[in-house]
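So the sequence shown is numbered by the working numbering: it starts at 4 and just counts up by one. Ideal Cβ placement from N, Cα and C applies to all residues, glycine included. As structure tokens, the structure follows; a few thoughts come after it.
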Amino acid sequence: MNQKESIKYNSLTDQPLVWTALITPLFADGAIDYASLKHLALQQNQAKNGILLLGSTGEGIALSAKERLTIVEYVSAMSLDVPLMVAVGGYNLNEQCAWIEQCNQLPISAYLLTSPIYAKPGPKGQAAWFNALLDSAKLPCMLYNVPSRTGGEIALSALQQVQNHENCWALKEASGDLNKLLAYREHCPNVELYSGEDAMMPYLAAADVKGLVSVCANVWPEATRRYVELALAKNHAGLFPLWHQAISALFQVTSPIAVKVLLAKLNVISSATLRLPLCQDELTEEHGLQAIDQRIQQWLLSQPINTVSQRHRSDSGTALHSPLAETNLRDLIS
């Protein structure tokens, strides 16, 4: 059985409908808040969402190599019931291959491979880049098309060249271009497609996407899973305009600014601190985040109880929105 097949049959993976691009919670001084990180991971585990570590939402390229490794070691040691995917992103091929070699030794399930940032290679350079990363990986890999972040899209011909690699499992498509996704679907049939755009999930369901790599699931793990379930079932009643408004609220500034601000206001994480150049001051006081959170929670409670795990709010919030009270690893990792 090759790696592409193993992602389908691995008991940990079980093809989650939602992969949550997890944030990296920080203390006010910028140090990693491991207690909040554990709480976030447990929320995703409860919702049965796969976890993506150190993507753009996780501010991966703003963290040091030591911080990245410690985060993966910490979360992978939690014995979760959901799979872990680790992001590989940058522009130095040797460094990215070395990062993969480190992670190959850890109990993770997959990698997310991003196009090299800034360099804007052509199709041949892209194919060579991805082939080198795929060769280094010992696990299935999801390629990531996000031209708004990298400066260029994955060329169709490049994906065609690597789609038969034994480790090339899927593509996260986040260009926002439906025609692009349809072209990938037509010409690269050996690659499974996942939406990288929360708002487009209902539109992409008919294009045979397998699920969503989500930012919204950081705040609404169970509700987002239900949203994806309904979209894939072509049951769109009640999804519009609520989810469009919710997603717009979280993306009114660069992600993950609004996500961190809302999670901090809900006392899920200790602070909304980001690594510069991202800054919470980009968000205006009229952000409306808590109001949309209330609406999503009400929507979730309106769903049939046998289709999604539901937990009710107390006067001070919910179990879902309360941080863990435990010793942090902050003083143990330096």
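Residue i: CB within 7 Å of a non-hydrogen atom of the ligand GTP
i     : result
Lys51 : Ligands displayed in this structure: none; no statement on the ligand GTP is therefore possible.
Residues bridged to residue i (per DSSP)
i      : result
Asn148 : Glu176
Tyr114 : Val89 and Cys144
Ile35  : Leu29
Cys191 : In DSSP, Cys191 forms no bridge with anything.
Ala158 : Its beta-bridge partners do not exist; DSSP assigns none.
Tyr197 : Lys175 and Gly214
Ile54  : Thr23 and Leu87
Beta carbon of residue i nearer than 8 Å to that of residue j
i      : j      : result
Met203 : Val231 : no
Ser82  : Ile111 : no
Ile260 : Asp201 : no
Pro28  : Leu45  : no
Val262 : Asn221 : yes
Val89  : Leu56  : yes
Ser198 : Leu185 : no
Val21  : Ser217 : yes
Thr60  : Ala24  : yes
Pro119 : Ala161 : no
Trp172 : Glu189 : no
Ile338 : Gly93  : As shown, the chain starts at 4 and ends at 337. That puts residue 338 outside it, with no answer to give.
Leu159 : Tyr187 : yes
Buried or exposed by the 16-neighbour rule on C-beta atoms within 10 Å, applied to residue i
i      : result
Tyr121 : exposed
Gln300 : buried
Ser151 : exposed
Gly53  : buried
Ser39  : buried
Glu156 : buried
Gln99  : buried
Glu62  : buried
Gln293 : exposed
Pro244 : exposed
Ala240 : exposed
Lys69  : exposed
Lys237 : exposed
Asp84  : exposed
Asp32  : exposed
Pro86  : buried
Gln297 : exposed
Cys144 : buried
Cys282 : exposed
Other residues of its chain near residue i: CB distance less than 8 Å, five sequence neighbours each side excluded
i      : result
Ser312 : Low local confidence applies: a pLDDT of 40 at Ser312 is under 50, so the model's placement there is unreliable, with the coordinate-based value given in what follows. Answer for Ser312: Gln49, Ala50 and Glu225, listed in chain order.
Ala267 : Ser273, Ser274 and Ala275
Arg228 : Leu20, Val21, Ala50, Lys51, Asn52, Ala220 and Val311
Asn242 : Sequence check: residue 242 is Leu here, not Asn. These residues qualify, in order along the chain: Pro205, Tyr230, Leu233 and Ala234.
Leu181 : Met203, Tyr206, Leu207 and Ala210
Lys213 : Gln18, Leu20, Ala173, Glu195, Leu196 and Tyr197
Arg278 : Leu29, Gly33, Glu62, Ala65 and Leu66
Trp290 : This sequence places His at residue 290; Trp is not what is there. Here the set comprises Ala252, Gln255, Ala261 and Val264.
Cys191 : Leu159, Leu162, Gln163, Gln166 and Leu174
Asp36  : Pro28, Leu29, Phe30, Ile272, Ser273, Ser274, Asn331 and Arg333
Ile26  : Leu43, Thr60, Gly61, Glu62, Asn221, Pro259, Val262, Lys263, Leu266 and Ile272
Cβ neighbours of residue i in the same chain (closer than 6 Å, five flanking residues each side left out)
i      : result
Tyr147 : Leu115, Thr117 and Lys175
Thr153 : Ser118 and Ile120
Leu66  : none
Glu285 : Val256 and Ile260
Gln18  : none
Val149 : Ala177
Gln306 : Arg229
Neighbourhood of residue i by C-beta distance below 7 Å, restricted to the same chain and skipping five residues each side
i      : result
Gln248 : Ile295
Asn309 : Low local confidence applies: a pLDDT of 47 at Asn309 is under 50, so the model's placement there is unreliable, with the coordinate-based value given in what follows. Nothing listed; no residue qualifies.
Leu109 : Val75, Glu76 and Ser79
Asn193 : Gln166 and Asn167
Trp223 : Ile299
Trp246 : Tyr230
Ala130 : Ala161, Gln164 and Val165
Decide yes or no for the touch test of the segment 139 to 156 against the segment 103 to 110: beta carbon pairs closer than 8 Å, at least 3 of them.
Yes, since at least three Cβ pairs between the segment 139 to 156 and the segment 103 to 110 fall closer than 8 Å, the two stretches touch.
Pairs of beta-carbons, one from the segment 125 to 137 and one from the segment 164 to 175, closer than 8 Å: are there three or more?
At 8 Å Cβ cutoff, the stretches touch.
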